[in-house]
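With the first letter of the sequence shown counted as 1, position 124 gets the number 113 in this note's numbering; the numbers rise by one all the way through. First up is the structure itself, then whatever we jot down about it.
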Amino acid sequence: MAENFQTQNVLIEKQENLHELNDWKRYLGALGSMLKSRMFTQRPFFLAHAMTFGCNSRCKTCTYWKNIYRMKEDMKTEEVYQLLDEAYEAGMRGYYMFGGEPLIRPDIDKITDYAKNKGFITVMNTNGSLLEEKGKKLKNLDFAFVSLDYYNDYDDVIRGRPNTFGEVIRGVYELKKIGRTKVAFVTTISSMNWNAMRKMAELASEMGVGISFNSVEQSLDFGQTTSDTTPNFDLGLNPEQLKEFYSTLLDLKREGYPLLETEEALEDFVNSKPWTCHFPKMFLYVTPNKQVYNCDYTYAYDLRKGSLEQYLRSDGFRSYVASAETCNKCVRTCVRGYSYTYGLFPRQLWGLAGQARLLFDKPYESCSVAGSPQRKDNRLHGSKPVIWRH
Ligand code: SF4
Ligand code: SF4
């Protein structure tokens, strides 16, 4: 009996080692594809795939869910596999899944498995509503960015459906139990949760996950520029609030909260420093019905009629790359951060090393709080987190 148990343990350990070896191979592959793009090809290495027109939330800051009637246009499983094959052939090594809500796809686990086995780093942006139910099947998901906009049930109001807060918290615990996926919250700040940044950072810290902040801006309404079609006019941050938003993030970062944004990118936002955007050389955005769109949601190419390789060789793609460099429009912290990484800025890379420690330092075994000095010794040991109330 004891011998059987020992043999079983040895087998499990061997399997774990094999997983780790394959993981490192994939991460090195992704790093190699970024460096190749940076040095030679200027081609995107991350396939950013909006997997479905459907969504089960009705967020007040979003209009995407109104596309639900178009779900019949979503690519079938085999078509997604083909897209992944094409992307791999074109040198891409990252697969970023979003939507709509990617977890409403019944084949989401199969697609994640396929992408990982192919050699992609797998990343998902999810509203977290179905994580508790489907998390177990996502053993091949490397990173989950889970949307959470408030630190209590008021999140339900922002997200336009009941129980979102509880669902997200339980879903994140489900992923942490499995222990393979690195998790971070993504919090979108608008006039509805303007006061919540610090408490959200505290919650992330307490739960041992990372956090990244977006903002809704009045000025940027990519592809949806009238007050009829976008909520941004009412709910977006005005320029003064936006400045305060960046300053608060910088304070939180310096205090040691687990923000994914780097100090350098935040400082430059605070100082309104111009920058060079490399987004098109990093991400290729493909819609649920296999169209390529630019970062500002303008149509670029039909992948049902031509190949990905043809698009990447086209004049349209080249001029998109060139115009992005001087664009300077985006106020999203992630895009500036990605561009600094692509530019191999030393301070940015050093900051990323700190984040890697945060996400890779086995936070799921100990649930230890990474970052926040005042909560350094606070360990959850699998218990429910303390949730703050108004
Ligand atoms: S979950 Fe995402 S896609 Fe769905 S309504 Fe909210 S922001 Fe929009
Ligand atoms: S800065 Fe301009 S080119 Fe770059 S992602 Fe933003 S809108 Fe696109």
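The beta carbon of each residue, even a glycine, is placed where N, CA and C say it ideally should be.
Spatial neighbours of Thr237 within its chain, please: C-beta separation below 7 angstroms, excluding the five flanking residues on both sides. Here the question's residue 237 lines up with position 248 in the sequence shown. Excluding positions up to five away in sequence, the list reads Met186.
So, with DSSP's three-state summary, where would you put Lys65? Along the sequence shown, one-based indexing puts residue 65 at 76. Lys65 falls in the coil class under three-state DSSP.
Under the assumption that Gly89 contacts Ala39 (Cβ atoms under 8 angstroms), give the Cβ distance between them as a whole number of angstroms. For the purposes of this step, residue 89 is identified with residue 100 of the sequence shown, where counting begins at 1. For the purposes of this step, residue 39 is identified with residue 50 of the sequence shown, where counting begins at 1. With a Cβ gap of about 7 angstroms, Gly89 and Ala39 count as contacting.
Would the region 140 to 157 and the region 105 to 118 be scored as touching if the rule is three or more Cβ pairs under 8 angstroms? By the Cβ rule, the region 140 to 157 counts as touching the region 105 to 118, because three or more pairs are nearer than 8 angstroms.
Cβ-heavy atom distance, Tyr53 to ligand 1, below 8 angstroms: Position 64 of the sequence shown, counted from the start, is the residue given in the question as residue 53. Flag set: Cβ of Tyr53 near ligand 1.
Pop quiz: Arg27 and Tyr331 are said to be a contact at Cβ under 8 angstroms. What is the actual Cβ separation, rounded to whole angstroms? For the purposes of this step, residue 27 is taken as the residue at position 38 of the sequence shown. For the purposes of this step, residue 331 is taken as the residue at position 342 of the sequence shown. The Cβ separation is near 6 angstroms, so the contact holds.
Following a CB-centred definition, is Pro269 positioned closer than 8 angstroms to any heavy atom of ligand 4? Of the ligands one can find in the structure shown, namely ligand 1 and ligand 2, none is ligand 4.
Output the residue ranges of the alpha helix (DSSP H) runs that lie fully inside the region 225 to 273 and measure 4 residues or longer, sorted by chain position. 228 to 243, 252 to 259, 268 to 271
Between which two residues does the beta strand (DSSP E) holding Ala104 run? The sequence position of residue 104 within the sequence shown is 115, counting from 1. Not the beta strand (DSSP E): Ala104 falls in the alpha helix (DSSP H), residues 97 to 107.
Among Thr50, Val198, Tyr77, Gln280, which one has its Cα closest to the Cα of Asn106? Looking up residue 106 in the sequence shown gives position 117. Out of Thr50, Val198, Tyr77, Gln280, Tyr77 has the C-alpha closest to the C-alpha of Asn106.
Under DSSP, the beta strand (DSSP E) around Tyr290 begins and ends at which residues? The residue labelled residue 290 in the question sits at position 301 within the sequence shown. 288 to 291 is the extent of the beta strand (DSSP E) around Tyr290.
Check whether chain C comes within 9 angstroms of Asp74, counting only Cβ atoms and requiring the distance to be less than that. The structure shown contains no chain C; it is built from a single protein chain.
Let me know if Lys294 comes out buried or exposed under the rule of 16 or more other beta-carbons within 10 Å of its beta-carbon. In the sequence shown, residue 294 corresponds to position 305, counting from 1. When all chains shown are included, Lys294 counts as exposed.
State the beta-bridge partners of Gln280 as determined by DSSP. Locating residue 280 in the sequence shown gives position 291, where the first residue counts as 1. Paired residues: Asp291.
Are three or more beta carbon pairs between the region 152 to 170 and the region 119 to 127 nearer than 8 angstroms? When C-beta atoms of the region 152 to 170 are compared with those of the region 119 to 127, three or more pairs fall below 8 angstroms, so the two segments count as touching.
Status (buried if at least 16 other CB within 10 Å, exposed otherwise) for Trp264: For the purposes of this step, residue 264 is identified with residue 275 of the sequence shown, where counting begins at 1. With 16 or more Cβ atoms within 10 Å of its Cβ, Trp264 is classed as buried.
Per DSSP, what kind of secondary structure is Gln213 in: helix, strand or coil? For the purposes of this step, residue 213 is taken as residue 224 along the sequence shown, with counting starting at 1. Bear in mind that a pLDDT of 44 at Gln213, under 50, signals an unreliable position, so the model cannot answer this.
If we call anything under 9 angstroms between Cβ atoms a contact, is Leu224 one with Ser179? Taking the first residue of the sequence shown as position 1, residue 224 is located at position 235. Taking the first residue of the sequence shown as position 1, residue 179 is located at position 190. Going by C-beta atoms, Leu224 is nearer than 9 angstroms to Ser179.
For Pro228, the nearest candidate out of Ile100, Tyr329, Val320, Trp13 (CA to CA): Position 239 of the sequence shown holds residue 228. Considering only alpha carbons, the answer is Val320.
Let me know the secondary structure DSSP gives Glu206 once reduced to three states. By 1-based counting over the sequence shown, the position of residue 206 is 217. Glu206 falls in the strand class under three-state DSSP.
In whole angstroms, what is the alpha-carbon distance linking Asn260 and Ser312? Position 271 of the sequence shown holds residue 260. Position 323 of the sequence shown holds residue 312. Counting only the Cα atoms, Ser312 lies some 23 angstroms from Asn260.
By DSSP, does Lys128 sit in helix, in strand, or in coil? Sequence index remark: in the sequence shown, residue 128 carries index 139 (1-based). Correct three-state label for Lys128: coil.
Nearest to Asp102 by alpha carbon, out of Leu130, Gly80, Ala79? One-based indexing of the sequence shown puts residue 102 at position 113. Per the C-alpha coordinates, the member of Leu130, Gly80, Ala79 positioned closest to Asp102 is Leu130.
Kindly identify the DSSP beta-bridge partner or partners of Val112. Numbered from its first residue, the sequence shown carries residue 112 at position 123. According to DSSP, which records beta bridges pairwise, Val112 is partnered with Tyr85, Phe132.
Hey, could you find the ends of the beta strand (DSSP E) Val172 is sitting in? Residue mapping note: residue 172 aligns to position 183 of the sequence shown, counting from 1. From DSSP, the beta strand (DSSP E) with Val172 extends over 171 to 178.
Given 8 angstroms, three or more beta-carbon pairs between the region 39 to 51 and the region 90 to 101: yes
Determine the closest residue to Thr30 out of Tyr85, Val112, Ala133, His267, with distance taken between C-alpha atoms. On the sequence shown, position 41 is the one that residue 30 refers to. Nearest C-alpha to Thr30: His267.
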